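Below is one structure, written out as C-alpha cells; comments come after it.
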Amino acid sequence: MSEARELVEVFDTTLRDGMQVEGVSASVQDKLRIAEQLDYLGVQYIEGGWPGANPKDIEFFARARTELKLKTSTLVAFGSTRR
8 MSEARELVEV
18 FDTTLRDGMQ
28 VEGVSASVQD
38 KLRIAEQLDY
48 LGVQYIEGGW
58 PGANPKDIEF
68 FARARTELKL
78 KTSTLVAFGS
88 TRR
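For what it's worth, our numbering labels the leading residue of the sequence shown as 8, then goes sequentially.
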C-alpha cells in the first residue's frame, strides 16, 4: 500500500522581506547570487522585491531578466494584496 504524498511549495521572500532587517544590506549582485542558490535548492517561488519601489529593485529585475538562468524556480514580484 502506498501513501499519498503532499506537495509542499516554498515561496521565499528573502530578497524582499529579508532585506528589511536592520543592519542587513545586499547589493544587486548579492541578490542575484542568492536567487541562484535558492533555485539550486529547489525553491519554487522567489519573491525578488517590488519592481519600481526603489532603484535597487528596478536594477535587480532588469538584470534578472537576462542574467538569471533559473532551472526550478519562478521569480515573482511583490504586489499589494489590499485595495
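Think of the CB as a built atom: it goes at the ideal place given N, C-alpha and C, for glycine as much as any other residue. Note that the coordinates shown come from a computational prediction; the quantities given were computed from them, not determined experimentally.
Residue i to residue j span [Cα, whole Å]
i   : j   : result
V17 : F67 : 21 angstroms
S87 : A69 : 21 angstroms
V83 : R12 : 26 angstroms
P58 : S9  : 45 angstroms
Q27 : T73 : 26 angstroms
Local conformation of residue i per DSSP, three classes
i   : result
F68 : helix
V35 : helix
E29 : coil
T73 : helix
Beta-carbon contacts of residue i that lie in its chain and below 7 angstroms, excluding the five residues immediately before and after
i   : result
G63 : In the sequence as presented, Gly is not what sits at residue 63; that position holds Lys. Once the five neighbours on either side are set aside, the close Cβ partners of K63 are V35.
Close Cβ partners of residue i (< 6 angstroms) along its chain, the five nearest in sequence each way excluded
i   : result
E43 : none
D19 : L45, V50 and I53
Distance CB(residue i)-CB(residue j) smaller than 8 angstroms
i   : j   : result
T79 : G49 : yes
L77 : L39 : no
G55 : A33 : no
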